[in-house]
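> One gets our numbering by counting positions in the sequence shown from 1 and adding 92 to each.
First, the structure itself, so that you have it in front of you.
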Amino acid sequence: MSISQAQPPSENARDVHPSPKSPDFKVPAGAVDAHCHVFGPSHKFPYSPIRKYTPFDAPAEKLFALRDHLGFEKNVLVQASCHGKNNEAMVDCLKLAGDKARGVAIVDPAISDVELIALDQAGVRGVRFNFLKRLVDPTPKSEYLKIAERVAKMGWHTVVYFEAEEIDEIAPFLESIPTIVVIDHMGRPDVSLGVDHPQFERFIKLMAANPNFWVKVSCPERLSVQGPPYEDVTPFARTLVERFPDRVLWGTDWPHPNMTTHTPDDGLLVDRIPHIAPTKALQHKLLVENPMHLYWPGHAIPEGDL
Ligand code: 0GY
Numbered sequence: 093m094s095i096s097q098a099q100p101p102s103e104n105a106r107d108v109h110p111s112p113k114s115p116d117f118k119v120p121a122g123a124v125d126a127h128c129h130v131f132g133p134s135h136k137f138p139y140s141p142i143r144k145y146t147p148f149d150a151p152a153e154k155l156f157a158l159r160d161h162l163g164f165e166k167n168v169l170v171q172a173s174c175h176g177k178n179n180e181a182m183v184d185c186l187k188l189a190g191d192k193a194r195g196v197a198i199v200d201p202a203i204s205d206v207e208l209i210a211l212d213q214a215g216v217r218g219v220r221f222n223f224l225k226r227l228v229d230p231t232p233k234s235e236y237l238k239i240a241e242r243v244a245k246m247g248w249h250t251v252v253y254f255e256a257e258e259i260d261e262i263a264p265f266l267e268s269i270p271t272i273v274v275i276d277h278m279g280r281p282d283v284s285l286g287v288d289h290p291q292f293e294r295f296i297k298l299m300a301a302n303p304n305f306w307v308k309v310s311c312p313e314r315l316s317v318q319g320p321p322y323e324d325v326t327p328f329a330r331t332l333v334e335r336f337p338d339r340v341l342w343g344t345d346w347p348h349p350n351m352t353t354h355t356p357d358d359g360l361l362v363d364r365i366p367h368i369a370p371t372k373a374l375q376h377k378l379l380v381e382n383p384m385h386l387y388w389p390g391h392a393i394p395e396g397d398l
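Structure (structure tokens):
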């Protein structure tokens with residue numbers, strides 16, 4: 093493996109899949125990959141000095157090639173911890189993508205209104221609060237709340253990433269956020285417990301009690317105990333899609349940072365979609381209507397073949 097990037101990847105980092113399969117499942121026209129990242133290139137957009145990992149560079153042009161290969165039309169770029177609060181790589185990618193991408197930023201509580209407006213003009217529509225200890229040092233919830241109150245005025249939403257064991261501790265904070273709250277990766281359930289376990293029931297109750305909560309039915313590759321094709325994760329995603337069809341999003345999670353067990357094949361991930369969203373109507377909501385509503389409100393929504 094040749095490593096020529098400016099900041100070499102962490103020892104256990106994996107590069108992206110070199111040749112993801114062409115999916116057998118054809119996504120509907122206008123489909124949005126609503127959770128992916130761009131990394132570097134680090135000679136141009138260095139990783140954060142306080143990052144917990146260094147990924148392989150995964151620049152905009154590689155993402156666009158994957159988008160086209162999988163049949164998607166649009167991307168939502170989610171700022172990852174390795175770039176910290178410097179959103180330049182993401183903003184550069186938004187510019188290159190034209191209207192085909194939107195972003196979710198990580199911002200400092202001291203960010204100025206001018207900087208927030210510049211992010212909005214670049215296509216950012218949300219902020220991300222990351223609670224995973226292996227990824228970030230903690231930020232006080234009071235600081236996060238101040239950010240949420242400011243971005244609420246801009247019509248943005250909040251994306252949160254936390255571990256399932258933290259749900260009781262974090263729920264009151266989530267319920268105080270005055271925006272739509274999008275929960276990453278199904279709240280990271282322990283899938284070995286099973287879909288009927290109180291842990292996942294607790295998550296469903298949280299979703300049911302808060303109509304402003306949305307969830308990404310993403311990341312089977314991280315949550316699976318069995319590995320590809322991730323059948324042990326399917327019942328979790330399918331339950332959420334069927335129960336909350338208007339509040340679910342789907343994303344590849346490309347380029348899959350911190351995966352140590354295997355290199356995910358994004359074509360295979362796309363082929364899981366009909367298993368978690370078994371009807372054309374559910375697929376259209378998951379891949380087109382819901383992300384368009386959140387990230388391209390007021391834009392024409394391509395009709396599905398229902
Ligand atoms: C993801 C998941 C991970 C990483 C990050 O911000 C990040 O670094 O989100 C992870 O390691 O679980 O969504 O990319």
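Virtual Cβ for every residue (Gly too), placed ideally from N, Cα, C.
Quantities reported herein were computed from a predicted structural model and do not represent experimental measurements.
Are the beta-carbon atoms belonging to G279 and C128 less than 9 Å from one another?
As a first step, residue 279 is located in the sequence shown; it is residue number 187 there, counting from the start. As a first step, residue 128 is located in the sequence shown; it is residue number 36 there, counting from the start. No, the pair does not count as a contact, with Cβ atoms beyond the cut-off.
> Taking only three categories from DSSP, how would you classify I262?
Indexing the sequence shown from 1 puts residue 262 at position 170. Correct three-state label for I262: helix.
> Beta-carbon separation of P380 and P394 under 9 Å?
Indexing the sequence shown from 1 puts residue 380 at position 288. Indexing the sequence shown from 1 puts residue 394 at position 302. In the sequence as displayed, the identity of residue 380 is Val instead of Pro. In this structure, P394 lies closer than 9 Å to V380 by Cβ.
> Is the beta carbon of A181 sitting closer than 9 Å to the one on P151?
As a first step, residue 181 is located in the sequence shown; it is residue number 89 there, counting from the start. As a first step, residue 151 is located in the sequence shown; it is residue number 59 there, counting from the start. Yes, the Cβ-Cβ distance between A181 and P151 is below 9 Å.
> Less than 8 Å between the CB of A172 and some heavy atom of the ligand 0GY, yes or no?
What you label residue 172 is simply residue 80 of the sequence shown in a count that begins at 1. Yes.
> Between the alpha carbons of D288 and I262, how many angstroms are there, rounded?
Position 196 of the sequence shown, counting from 1, holds the residue named residue 288. Position 170 of the sequence shown, counting from 1, holds the residue named residue 262. When rounded, the distance between both Cα atoms is 22 Å.
> Please indicate yes or no: does the CB of P84 lie closer than 8 Å to some heavy atom of the ligand 0GY?
It is not possible to answer for residue 84, since the shown part of the chain is limited to 93 through 398.
> Taking one C-beta from the stretch 295-308 and one from the stretch 356-375 each time, how about it: are there three or more such pairs within less than 8 Å?
With the cut-off at 8 Å, the stretch 295-308 and the stretch 356-375 do not touch.
> Quickly, what does DSSP pair I275 with across the bridge? List them, please.
Here residue 275 refers to the residue found at position 183 when the sequence shown is read from its first residue. Per DSSP, V252, V307.
> So, helix, strand or coil for N104, using DSSP?
In the sequence shown, the residue the question calls residue 104 occupies position 12. Correct three-state label for N104: coil.
> In its own chain, which residues sit with a C-beta less than 8 Å from the C-beta of K238, not counting the 5 before and 5 after it?
Within the sequence shown, the letter at position 146 stands for residue 238. Closer than 8 Å at the Cβ level, and outside the excluded window around K238, lie P201.
> DSSP state of L169, grouped into three classes?
For the purposes of this step, residue 169 is identified with residue 77 of the sequence shown, where counting begins at 1. Three-state DSSP puts L169 in a strand.
> Any heavy atom of the ligand 0GY closer than 8 Å to the CB of D125?
The residue labelled residue 125 in the question sits at position 33 within the sequence shown. Every heavy atom of the ligand 0GY is 8 Å or more from the Cβ of D125, so no.
> Compute the minimum distance between the beta carbon of Y253 and the heavy atoms of the ligand 0GY, and state whether it is under 8 Å.
Taking the first residue of the sequence shown as position 1, residue 253 is located at position 161. The answer is yes for Y253.
> Out of S204, V206, L315, G286, point me to the one whose CA is closest to E255's CA.
The residue labelled residue 255 in the question sits at position 163 within the sequence shown. Considering only alpha carbons, the answer is L315.
> With burial defined as no fewer than 16 other Cβ atoms inside 10 Å of the residue's Cβ, what is the status of N382: buried or exposed?
Position 290 of the sequence shown, counted from the first residue, corresponds to residue 382. Buried.
> In chain order, what residues of the same chain lie with their CB nearer than 7 Å to the CB of R159, ignoring the 5 residues before and after it?
Numbered from its first residue, the sequence shown carries residue 159 at position 67. Hits under 7 Å: D125, N167.
> For the ligand 0GY, any of its heavy atoms closer than 8 Å to the Cβ of Y139?
What you label residue 139 is simply residue 47 of the sequence shown in a count that begins at 1. Answer for Y139: no, Cβ out of range of the ligand 0GY.
> Give me whichever residues DSSP pairs with C128 in a beta bridge.
Reading the sequence shown from its first residue, position 36 is the one you call residue 128. L169.
> Would you list the one or two residues that DSSP bridges to N222?
Taking the sequence shown and counting its residues from 1, the one referred to as residue 222 is at position 130. Looking at the DSSP assignment, N222 forms a beta bridge with Y253.
> Leaving out five residues before and five after K245 in sequence, what residues of the same chain have Cβ atoms less than 8 Å from its Cβ?
For the purposes of this step, residue 245 is taken as the residue at position 153 of the sequence shown. If we look at K245 and ignore the five residues flanking it on each side, it has no Cβ neighbours.
> With DSSP as the reference, label A197 as helix, strand or coil.
The residue given as residue 197 occupies position 105 in the sequence shown. In the structure shown, A197 sits in a strand (DSSP, three-state: E or B).
> Rounded to the nearest angstrom, what separates G390 and S102 at their Cα positions?
On the sequence shown, residue 390 is found 298 positions in, with the first residue counted as 1. On the sequence shown, residue 102 is found 10 positions in, with the first residue counted as 1. Computed Cα separation, rounded: 42 Å.
> Report yes if the C-beta distance between T331 and I275 is below 9 Å; otherwise report no.
One-based indexing of the sequence shown puts residue 331 at position 239. One-based indexing of the sequence shown puts residue 275 at position 183. Their beta carbons are not under 9 Å apart, which means T331 does not touch I275 by this criterion.
> Could you round the C-beta distance between L155 and V130 to whole angstroms and report it? I think they count as a contact, below 8 Å.
Reading the sequence shown from its first residue, position 63 is the one you call residue 155. Reading the sequence shown from its first residue, position 38 is the one you call residue 130. 6 Å between Cβ atoms; contact.
> So is the beta-carbon of L169 under 8 Å away from any non-hydrogen atom of the ligand 0GY?
Here residue 169 corresponds to residue number 77 of the sequence shown, with the count starting at 1. Every heavy atom of the ligand 0GY is 8 Å or more from the Cβ of L169, so no.
> How about P337 and L378: are their beta carbons less than 9 Å apart?
Stepping through the sequence shown from its first residue, residue 337 is reached at position 245. Stepping through the sequence shown from its first residue, residue 378 is reached at position 286. Yes, the Cβ-Cβ distance between P337 and L378 is below 9 Å.
> State yes or no: is the C-beta of H289 nearer than 8 Å to some heavy atom of the ligand 0GY?
For the purposes of this step, residue 289 is taken as residue 197 along the sequence shown, with counting starting at 1. No.
> Pull up the distance between the alpha-carbon of M93 and that of F148, whole angstroms please.
Along the sequence shown, read from residue 1 onward, the residue named residue 93 stands at position 1. Along the sequence shown, read from residue 1 onward, the residue named residue 148 stands at position 56. In this prediction, M93 has a pLDDT of 45, which is less than 50 and means its spatial position is unreliable; what the coordinates show is noted afterwards. Using only the alpha carbons, I get a separation of about 11 Å.
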